[in-house]
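Below: one structure, written as structure tokens.
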Amino acid sequence: MKDGRLTGRHVALIFASGFTVIVAVNLTLAYSAVRSFPGLEVENSYIASQVFDVNRKAQDALGWDVSAVIEGKMLRLSLEDANGPVRPDITRATLGRATHIREDRDLVFRLDGRAHVAQVGDLGTGNWNLRLKAIAEDGTLFQRRIVLWVRQ
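Numbered per this note's numbering, the sequence shown finishes at 790, counting up by one with no gaps.
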């Protein structure tokens with residue numbers, strides 16, 4: 639372009655440079671997504687889909703109102719039905735980020751009279767998920783993902 643003319647060679651270089659940037663960004667994003675993927679939710683999604691509606695209806699029939707709040711370094715989990723607090727057998731409770739498992743922590747709850755409480759330690763600001771599995775008195779499996787926001 640010494641004389642200010644745009645030639646076919648220049649256009650080809652601009653075109654190739656643009657696509658090189660696009661491919662590099664896509665490869666970087668794909669690598670980051672695969673590296674941070676925590677794993678499978680279920681082993682066989684087809685089988686899980688066959689019982690999903692049945693499980694959801696059974697859980698809804700329990701009539702539980704579930705809420706969770708972080709108070710300092712404690713998580714307070716409230717499980718109530720029309721008659722008041724319920725005390726299911728909590729088989730698994732994992733608190734972690736929505737996007738990765740590096741900060742996951744398994745919680746151990748104890749009853750404080752009205753709610754279940756667990757130590758969570760210092761949490762970073764942002765979106766946290768409590769993945770809860772519990773067994774109701776009638777044997778119904780209760781599963782929920784409860785979104786919590788930590789503000790500091």
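Glycine included, each C-beta is placed from N, C-alpha and C at the ideal position.
Checklist entry - Under a Cβ-count criterion, where at least 16 other Cβ atoms within 10 Å of its own Cβ denotes burial, should Val758 be classed as buried or exposed? => result As a working mapping, residue 758 is identified with position 120 in the sequence shown. Burial call: buried.
Item to check | Own chain residues within Cβ distance below 6 Å of Ile728, not counting five before or after | outcome: Counted from its first residue, the sequence shown places residue 728 at position 90. Excluding sequence neighbours, Ile728 sits near Phe747, Ala772.
Next on the checklist: Can you give me the C-alpha to C-alpha distance between Lys711 and Asp719, rounded to a whole angstrom?
Outcome noted: In the sequence shown, counting from the first residue as 1, residue 711 sits at position 73. In the sequence shown, counting from the first residue as 1, residue 719 sits at position 81. Approximately 27 Å between the Cα atoms of the pair.
Next on the checklist: Here's a check: name, in chain order, each residue in its chain whose Cβ is nearer than 8 Å to the Cβ of Ala706, leaving out the five neighbours to either side.
Outcome noted: Numbered from 1 along the sequence shown, position 68 holds the residue referred to as residue 706. Same-chain partners within the cutoff: Leu713, Arg714, Leu715, Ser716, Leu768, Ile784, Leu786.
Next on the checklist: Assuming Ser674 and His754 are in contact, meaning their beta carbons sit under 8 Å apart, how far apart are those beta carbons, in whole angstroms?
Outcome noted: Here residue 674 corresponds to residue number 36 of the sequence shown, with the count starting at 1. Here residue 754 corresponds to residue number 116 of the sequence shown, with the count starting at 1. Wrong, their Cβ atoms sit about 30 Å apart, outside the cutoff.
Checklist entry - Thinking C-alpha only, which one of Gly751, Asp750, Arg725, Asp760 is nearest Leu733? => result To locate residue 733, count along the sequence shown from 1; it is residue 95. Taking only the C-alpha atoms, the option nearest Leu733 is Asp760.
Item to check | Continuous beta strand (DSSP E) stretch holding Gln781: start and end | outcome: Within the sequence shown, residue 781 is the residue found at index 143, counting from 1. 779–788 is the span of the beta strand (DSSP E), which, as asked, contains Gln781.
Checklist entry - In the structure shown, what three-state DSSP assignment does Gly722 receive? => result Position 84 of the sequence shown holds residue 722. Strand, per DSSP.
Checklist entry - Which residues does DSSP pair with Thr732 in a beta bridge? => result Here residue 732 corresponds to residue number 94 of the sequence shown, with the count starting at 1. Looking at the DSSP assignment, Thr732 forms a beta bridge with Asp744, Arg769.
Checklist entry - Between Asn721 and Leu779, is the Cβ-Cβ spacing less than 8 Å? => result On the sequence shown, position 83 is the one that residue 721 refers to. On the sequence shown, position 141 is the one that residue 779 refers to. The answer is no: Cβ separation not under 8 Å.
Checklist entry - If Val788 sits next to Gly762, beta carbons under 8 Å apart, how far is it from one beta carbon to the other, in whole angstroms? => result Start at 1 with the first residue of the sequence shown, and residue 788 comes out as number 150. Start at 1 with the first residue of the sequence shown, and residue 762 comes out as number 124. About 7 Å separates the two Cβ atoms, so the contact holds.
Checklist entry - For Ala736, which residues from the same chain have a beta carbon less than 7 Å from its beta carbon, with the 5 sequence-adjacent residues on both sides left out? => result In the sequence shown, the residue the question calls residue 736 occupies position 98. Only Asn765, Asn767 meet the Cβ criterion.
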